[in-house]
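A.B. asks:
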Amino acid sequence: MSRFLSPRFAGLSPYVPGEQPRDMRYVKLNTNESPFPPAPGVMKAISRDEVARLNLYSDPTARALEDAIAAWAGLDPAQVIATNGSDEALAFSFQAFCDANVGCCFPDISYGFYRVYAQLYGIDALEVPLTEDLRIDPADYARVGRTIFLANPNAPTGQTLGRDAVEGIVRANPERVVVVDEAYIAFGGESMVPLIGTYPNLLVIQTFSKARNLAGARIGYAVGQASLIEDLRAMKYSFNPYNLNRLSILAGTAAMMDEAYYQECTTAIAATRDWAADALAARGFMLTDSKANFVFARHPRLDGYDYYARLKARGVLVRHFGAPRIRDYVRITIGTRDQMENLLAATDAILAEAP
Ligand SMILES: *Cc1c(COP(=O)(O)O)cnc(C)c1O
């Protein structure tokens with residue numbers, strides 16, 4: 000830290016991304032990327048001619064992309080804002096809907112960035128403990144008087160709340176925005192998007208990183224009633240009007256045009272997830288009921304960090320979190336069937352040598 004850093008950041012603990020090794024010999028199951036390439040139309044959209052136009056700024060309105068998302072979601076383009084990853088949509092939401100008087104609220108175990116943004120923007124955060132079995136209890140979110148951030152499915156547990164439960168939370172907090180982070184919704188669970196028209200305080204955030212095979216393109220979006228989206232646009236135009244680059248706008252727009260391809264990918268991943276969960280359970284693992292593109296598992300004979308480290312030594316990368324309530328677990332991204340067979344083989348070897 001230099002002596003010039005503002006003291007208000009002295010205690011900031013930045014987000015720690017999962018490892019992105021240069022050495023691609025790893026079986027990479029640690030950051031919830033898709034094992035499949037983007038749709039063929041995406042590759043075609045990034046033509047040499049388009050690369051040659053990178054001397055020009057991108058469209059600050061990202062019109063083509065927002066129109067495509069709106070058409071896909073059955074919404075008006077005024078109800079959509081495209082962002083640089085859904086992380087940026089989250090950041091705009093913290094800035095727009097929280098302040099010194101209106102704090103935020105999220106589960107104690109959830110996407111780690113919520114805590115980081117609250118710190119970064121100096122917003123008081125109420126962290127609501129998950130239940131003993133790592134579930135969100137909707138009753139804990141009745142009239143909290145704060146802006147609420149919920150991941151559904153939750154991370155890193157993968158467990159879902161039904162639409163009725165989330166709707167209950169939205170109804171119980173009419174004076175506050177409820178932000179539902181649906182990064183993993185395509186793999187299972189019920190989206191809140193159909194209820195956008197009903198609730199002026201409902202904001203839904205989705206991403207192209209997980210179910211549209213485009214983590215490297217950094218594309219996300221928020222959808223909500225036009226007045227909420229207008230607020231987020233004010234944040235964007237006060238921060239970075241060209242928040243999406245030319246190639247990402249093209250890639251994202253093309254990705255919205257091949258629903259069948261992505262359905263095939265998410266169906267395959269969900270099937271592999273359920274198969275891998277059964278295979279791990281058969282080996283004595285305990286798993287949460289994940290509807291996402293990962294499983295969250297612990298084994299009574301393995302320490303979470305130790306299992307992670309021994310898998311890594313065998314060339315398989317998974318994610319371990321050190322938070323006390325979940326340190327026994329590892330989060331394993333669902334890859335191809337082959338990749339999961341690799342994970343199981345490495346796991347069998349580790350279990351065979353475990354004391
Ligand atoms: C991955 C993830 C995000 C962020 O995704 P982007 O790559 O920034 O779009 C947001 N929320 C949750 C719960 C995630 O798991």
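In numbering that gives the first Met the number 0, the protein residues as written are 0 to 354. C-beta atoms are modelled at their ideal positions from N, C-alpha and C, and glycine is treated no differently.
#1: Pull up the DSSP beta-bridge partners for residue 126, would you.
#2: Please indicate yes or no: does the CB of residue 206 lie closer than 7 Å to some heavy atom of ligand 1?
#3: Can you tell me the Cβ-Cβ gap for residue 155 and residue 320, rounded? I've got them flagged as a contact below 8 Å.
#4: Spatial neighbours of residue 341 within its chain, please: CB distance less than 7 Å, with the 5 preceding and 5 following residues excluded, ordered by chain position.
#5: By Cβ distance, which residues of its chain are closer than 6 Å to residue 244, with the 5 residues on each side in sequence left out?
#6: Given residue 369, which residues of its chain have a CB within under 7 Å of its CB, disregarding the five upstream and five downstream residues?
#7: Given 7 Å as the limit, tell me if residue 236 has its C-beta closer than that to any heavy atom belonging to ligand 1.
#8: How long is the line joining the alpha carbons of residue 79 and residue 86, rounded to whole angstroms?
#9: Would residue 195 pass as a contact of residue 160 if the rule is Cβ separation under 8 Å?
#10: Near residue 7, what residues of its chain come up, given a Cβ to Cβ distance below 7 Å and the 5 sequence neighbours on each side ignored?
#11: Any heavy atom of ligand 1 inside 7 Å of the beta-carbon of residue 190?
#12: Identify every residue that forms a DSSP beta bridge with residue 285.
#13: For residue 148, write down the residues that DSSP places opposite it in a beta bridge.
#14: Cutting at 6 Å between CB atoms, please list the residues of its own chain near residue 126, excluding the five before and the five after it.
#15: Beta-carbon separation of residue 303 and residue 288 under 8 Å?
#16: What number of angstroms, rounded off, separates the C-alpha of residue 226 from the C-alpha of residue 65?
#17: Do the CB positions of residue 34 and residue 251 come within less than 8 Å of each other?
#18: Please indicate yes or no: does the CB of residue 31 lie closer than 7 Å to some heavy atom of ligand 3?
#19: Restricting to Cα atoms, I'd like to know which of 74, 190, 132, 137 is closest to residue 105.
#20: Can you grab the Cα-Cα spacing for the pair residue 275 / residue 293, in whole Å?
#21: Is DSSP giving residue 248 helix, strand or coil here?
#22: Look at the alpha carbon of residue 84 and the alpha carbon of residue 92, and state the distance between them as a whole number of angstroms.
#23: Can you tell which of 48, 45, 51, 61 has its C-alpha closest to the C-alpha of residue 242?
#24: Look up residue 47 in the DSSP assignment and say whether it is helix, strand or coil.
#25: Since residue 220 is in the beta strand (DSSP E), which residue starts that stretch and which ends it?
#26: What is the DSSP secondary structure of residue 68, counted as helix, strand or coil?
#27: Using DSSP with H/G/I as helix, E/B as strand and the rest coil, what is residue 268?
#28: On the three-state DSSP scale, how would you describe residue 99?
C.D. replies: Put simply:
#1: Stepping through the sequence shown from its first residue, residue 126 is reached at position 127. Residue 126 pairs with 105.
#2: Within the sequence shown, residue 206 is the residue found at index 207, counting from 1. Yes, since a heavy atom of ligand 1 falls inside the 7 Å radius drawn around the Cβ of residue 206.
#3: Here residue 155 refers to the residue found at position 156 of the sequence shown. Here residue 320 refers to the residue found at position 321 of the sequence shown. Cβ atoms of residue 155 and residue 320 come within 8 Å of each other, at about 6 Å.
#4: In the sequence shown, counting from the first residue as 1, residue 341 sits at position 342. Cβ within range, chain order: 26, 315.
#5: Along the sequence shown, one-based indexing puts residue 244 at 245. 57.
#6: Only positions 0 to 354 of the chain appear in the structure, and residue 369 is not among them; the question remains open.
#7: Along the sequence shown, one-based indexing puts residue 236 at 237. No, ligand 1 has no heavy atom inside 7 Å of this Cβ.
#8: Within the sequence shown, the letter at position 80 stands for residue 79. Within the sequence shown, the letter at position 87 stands for residue 86. Each residue's alpha carbon lies about 15 Å from the other.
#9: Translated into the one-based positions of the sequence shown, residue 195 becomes position 196. Translated into the one-based positions of the sequence shown, residue 160 becomes position 161. Going by C-beta atoms, residue 195 is not nearer than 8 Å to residue 160.
#10: Within the sequence shown, the letter at position 8 stands for residue 7. The residues are 121.
#11: On the sequence shown, residue 190 is found 191 positions in, with the first residue counted as 1. Checking every heavy atom of ligand 1 against the Cβ of residue 190, none is found closer than 7 Å.
#12: One-based indexing of the sequence shown puts residue 285 at position 286. Answer is 297.
#13: Taking the sequence shown and counting its residues from 1, the one referred to as residue 148 is at position 149. Residue 148 is bridged to 178.
#14: For the purposes of this step, residue 126 is identified with residue 127 of the sequence shown, where counting begins at 1. These residues qualify, in order along the chain: 107.
#15: The count along the sequence shown starts at 1 and reaches residue 303 at position 304. The count along the sequence shown starts at 1 and reaches residue 288 at position 289. In this structure, residue 288 does not lie closer than 8 Å to residue 303 by Cβ.
#16: Stepping through the sequence shown from its first residue, residue 226 is reached at position 227. Stepping through the sequence shown from its first residue, residue 65 is reached at position 66. For residue 226 and residue 65, the distance between alpha carbons rounds to 16 Å.
#17: Translated into positions along the sequence shown, residue 34 becomes position 35. Translated into positions along the sequence shown, residue 251 becomes position 252. Cβ atoms of residue 34 and residue 251: not closer than 8 Å.
#18: Summarising the ligand content, the structure contains ligand 1 and does not contain ligand 3.
#19: Looking up residue 105 in the sequence shown gives position 106. The candidate whose alpha carbon is nearest that of residue 105 is 137.
#20: Numbered from 1 along the sequence shown, position 276 holds the residue referred to as residue 275. Numbered from 1 along the sequence shown, position 294 holds the residue referred to as residue 293. Each residue's alpha carbon lies about 10 Å from the other.
#21: Residue numbering aside, residue 248 sits at position 249 when the sequence shown is read from its first letter. Of the three classes helix, strand and coil, the one that applies to residue 248 here is helix, per DSSP.
#22: Counting from 1 along the sequence shown, the entry for residue 84 is found at position 85. Counting from 1 along the sequence shown, the entry for residue 92 is found at position 93. Straight-line Cα distance between these residues: approximately 13 Å.
#23: The residue you call residue 242 lines up with position 243 of the sequence shown. For residue 242, the closest C-alpha among the options 48, 45, 51, 61 is that of 61.
#24: Locating residue 47 in the sequence shown gives position 48, where the first residue counts as 1. Collapsing the DSSP output to three states places residue 47 in a helix.
#25: Here residue 220 refers to the residue found at position 221 when the sequence shown is read from its first residue. Where residue 220 is concerned, the enclosing beta strand (DSSP E) stretches over 218 to 223.
#26: The residue labelled residue 68 in the question sits at position 69 within the sequence shown. In the structure shown, residue 68 sits in a helix (DSSP, three-state: H, G or I).
#27: Residue 268 sits at position 269 when you count from the first residue of the sequence shown. Helix.
#28: Along the sequence shown, read from residue 1 onward, the residue named residue 99 stands at position 100. Residue 99 falls in the coil class under three-state DSSP.
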